[in-house]
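Protein chains in written order, with our numbering: chain A, 123 to 310; chain B, 4 to 406. We treat Cβ as the ideally placed atom computed from N, Cα and C, and that holds for glycine.
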Amino acid sequence: MSLTDHSESQASLATERAKLDDEAFDRLFRESAADVHGYAISLLGDRTAAEDVTALAFERLYRSRSRLDHRRGTPRAWLFAIARNAALDELRRRRRQPQSELPQELSGDQDSEAALEQIARRAAVRDALSALPPREREVVLLKFHGQLSNSELAKALDVSESNAGTRLHRALTRLREECDELNREEIA
Amino acid sequence: MKVIPFPGASGTGPEENWLAELEAALSGTGQGPRADSWLQLRDDVRALAPPMDPEFERELGQRIAERSARSVPKRPHRRLGWLRPTAPAFAAVPVALAVIAAVLIAAPWRPANHAAGPSTRSSSTSARANQLGPAFGQAENAPVAGAIHAAKSAAPAPSASASAGAATNAPLVVSGAAAPGRVQQLGASISLSATPSEVQTVADRVSRLAVSDGGFVQSSHVNETEKAGEATLTLSLPSTKLNAALAALGQIAPVHAENQSLQDITNTYNAARQRLNDATAERQALLRALAKATAEGQIDSLRERISQNRGAIARAKSAFQTVSQQASTAEVEVTVLGDKSPGSEGLTLHRGLHDAGRVLTVTLIVLLIAAAVLVPLTLLIAALITARRMWRSYRRERILDAP
Chain A
123 MSLTDHSESQ ASLATERAKL DDEAFDRLFR ESAADVHGYA ISLLGDRTAA EDVTALAFER
183 LYRSRSRLDH RRGTPRAWLF AIARNAALDE LRRRRRQPQS ELPQELSGDQ DSEAALEQIA
243 RRAAVRDALS ALPPREREVV LLKFHGQLSN SELAKALDVS ESNAGTRLHR ALTRLREECD
303 ELNREEIA
Chain B
4 MKVIPFPGAS GTGPEENWLA ELEAALSGTG QGPRADSWLQ LRDDVRALAP PMDPEFEREL
64 GQRIAERSAR SVPKRPHRRL GWLRPTAPAF AAVPVALAVI AAVLIAAPWR PANHAAGPST
124 RSSSTSARAN QLGPAFGQAE NAPVAGAIHA AKSAAPAPSA SASAGAATNA PLVVSGAAAP
184 GRVQQLGASI SLSATPSEVQ TVADRVSRLA VSDGGFVQSS HVNETEKAGE ATLTLSLPST
244 KLNAALAALG QIAPVHAENQ SLQDITNTYN AARQRLNDAT AERQALLRAL AKATAEGQID
304 SLRERISQNR GAIARAKSAF QTVSQQASTA EVEVTVLGDK SPGSEGLTLH RGLHDAGRVL
364 TVTLIVLLIA AAVLVPLTLL IAALITARRM WRSYRRERIL DAP
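Pasting the structure below:
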């Protein structure tokens with residue numbers, strides 16, 4: 123699904139916030155399952171655990187769909203808040219840190235220059251992301267995988283909107299700095 | 004390699020502007036290289052995550068579809084639904100409380116004298132008669148012989164004829180509140196409210212009540228006009244039935260005022276009995292002396308004294324019977340006041356307002372008591388729930404701060 127399509131569907135979901143009927147739930151699953159899984163596997167670094175968290179998030183959302191309150195954000199924001207809690211619970215159960223080792227293999231058509239450039243850039247992003255503190259890395263993953271607005275991000279993090287904005291600003295600034303540093307090293 | 008600088012590299016502006024620019028870029032409304040770099044960064048981050056296993060995606064989708072197919076529309080919060088009253092339920096609770104309070108306050112089985120507005124009660128003697136209610140009840144059920152026995156114990160035994168006379172006029176001996184063996188005279192006055200047209204009817208019912216209770220009407224005076232009326236009745240009732248009679252009078256018409264009196268006449272009773280005993284003993288002595296007398300003059304003198312003694316016995320017996328009568332009967336003065344606005348039977352505006360005020364007062368008290376219990380309890384539970392949530396959240400977040 124393209125990101126533009128997702129934005130449109132998210133807007134349509136936002137209009138039916140009050141209730142999440144079965145049809146809307148199915149649509150949300152089709153549109154968000156990959157993103158939830160991507161967020162979970164990026165945070166946990168474990169495919170099995172990520173699948174558990176993904177299934178658990180949809181299970182919990184389905185059970186609590188009648189309590190969905192439009193004042194608490196869109197169904198997608200609620201889904202990612204549930205997924206985040208489930209992922210952190212999973213980490214706590216395992217007594218381990220969020221996974222900082224992202225997959226080393228980056229796929230792409232290595233014959234074209236653009237593809238090579240993309241692979242190099244993504245390697246830099248991966249390394250920069252791995253270098254971030256766990257809390258900042260988690261904010262970046264939640265923002266980009268969840269594609270949440272700042273207010274939705276705040277609700278998912280259970281903090282104020284200004285606090286969420288500050289965290290996001292700090293995390294992305296550091297990510298940018300890390301990437302710039304890596305790029306400069308590569309150029310040098 | 005082409006390096007695209009990240010936005011804001013030349014210095015970040017205010018945080019809000021920075022976030023707004025990020026939002027615009029990620030939502031697709033932003034333009035320019037900075038917006039493109041944000042989109043590219045997002046795509047790069049998302050691309051780092053391995054794709055979902057198609058088998059898992061298929062299985063999860065199947066489970067979701069099956070669950071959706073099985074699901075039936077449920078009422079929200081089914082398990083705790085009863086804890087979440089709907090709006091009508093919220094309105095029904097105070098209404099139900101008000102109805103209960105109204106029923107309790109203005110219940111039809113409540114004695115009428117309580118329903119009357121400006122009702123008063125008083126006791127005119129040193130002993131509060133209305134505090135002796137249970138004692139009256141005990142006396143009412145007590146065997147008369149027991150009362151006589153108690154009276155006998157306080158005085159020398161009279162002659163057989165005197166005892167017979169005393170038995171027919173058995174005095175009320177109040178126990179419990181008064182010392183055993185005391186003889187007391189009871190009295191009461193009661194004022195009833197009625198409409199002018201009902202004065203005669205109420206007076207008749209009062210008279211019938213007196214007769215049915217074993218008493219009688221000593222006097223009756225009824226004055227009835229179109230605008231007002233008044234009836235005054237003096238009843239003589241058995242003392243043992245005074246309390247029941249007053250209650251029954253309260254059922255006939257609303258009680259405007261009530262007064263009960265009690266007077267201890269034990270000394271008077273004992274003195275009368277003693278005089279009767281003495282006179283009887285004197286007669287027996289005179290008769291014995293007459294039987295032994297031989298002289299004519301002595302016999303004539305004894306006969307004259309016996310004749311005088313007969314009169315003394317009659318007077319003593321009469322006095323004793325009078326005192327006994329005072330103890331065994333109670334005098335009740337009943338006044339029936341006829342008024343255009345008696346606040347009597349039926350619902351009047353004044354009575355309705357009075358009862359409504361009481362209902363509201365009781366309702367407020369009930370709500371206040373309930374609030375006194377529920378508010379601290381709710382606050383405590385809310386605090387515990389909040390603390391539990393904060394603790395869980397803290398434990399979750401702590402994993403992100405671990406070294």
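- B:P53 is a Cβ neighbour of A:I163, given a cutoff of 8 Å.
- Of A:L297, A:E145, A:A172, the smallest CA-CA separation from A:R244 is found for A:L297.
- Contact between the region 286 to 296 of chain A and the region 256 to 275 of chain A is established, with three or more Cβ pairs separated by less than 8 Å.
- Under the three-state reduction of DSSP output, B:L265 falls in the strand class.
- Cβ atoms of B:L212 and B:A251 come within 8 Å of each other, at about 6 Å.
- Residue burial is scored here from C-beta neighbours: B:F219 has fewer than 16 other C-beta atoms within 10 angstroms and is therefore classed as exposed.
- Think of a sphere of 7 Å around the beta carbon of A:E260: the chain B residues whose beta carbon falls inside it are L403, in chain order.
- Within chain B, the residues placing a beta-carbon under 9 Å from that of A:A155 are M55, E60, L63, G64, I67, ordered along the chain.
- The shortest C-alpha to C-alpha distance from A:L165 to any of A:L304, A:N305, A:F266 is the one to A:F266.
- In the three-state scheme derived from DSSP, where H, G and I count as helix and E and B as strand, B:P53 is classed as coil.
- In the DSSP assignment, A:G160 falls within the alpha helix (DSSP H) that extends over 144 to 166.
- As DSSP reads the structure, B:A234 sits in a beta bridge with B:V225, B:V339.
- Look at B:W394: its C-beta is not under 8 Å from any C-beta on chain A.
- Residue contact with chain A for B:R45: present (Cβ-Cβ distance below 8 Å to some residue of chain A).
- It is roughly 8 Å from the alpha-carbon of B:S242 to the alpha-carbon of B:Q188.
- Between B:A27 and chain A, the shortest Cβ-Cβ separation is not below 8 Å.
- At a cut-off of 8 Å between C-beta atoms, B:A50 counts as an interface residue with respect to chain A.
- When the beta-carbon positions are compared, B:A333 and B:A191 come within less than 8 Å of each other.
- Interface flag for B:R399 against chain A is set, since a Cβ pair is found closer than 8 Å.
- Annotation for A:E212: L166, A171, D174, V175 place their beta carbon closer than 8 Å to its own, counting only its chain and skipping 5 residues before and after.
- As a beta-bridge residue in DSSP terms, B:I193 pairs with B:E261, B:V337.
- Between the beta-carbon of B:A292 and that of B:L305 there is about 6 Å, and that keeps the pair under the 8 Å contact cut.
- The count of Cβ pairs closer than 8 Å, one atom from the region 365 to 382 of chain B and one from the region 270 to 285 of chain B, stays below three, leaving the stretches out of contact.
- Residue-level contact check: A:F266 touches chain B, since one or more beta carbons of chain B fall below 8 Å from its beta carbon.
- Taking every protein chain shown into account, the CB of B:G360 has fewer than 16 other CB atoms within 10 angstroms, so this residue is exposed.
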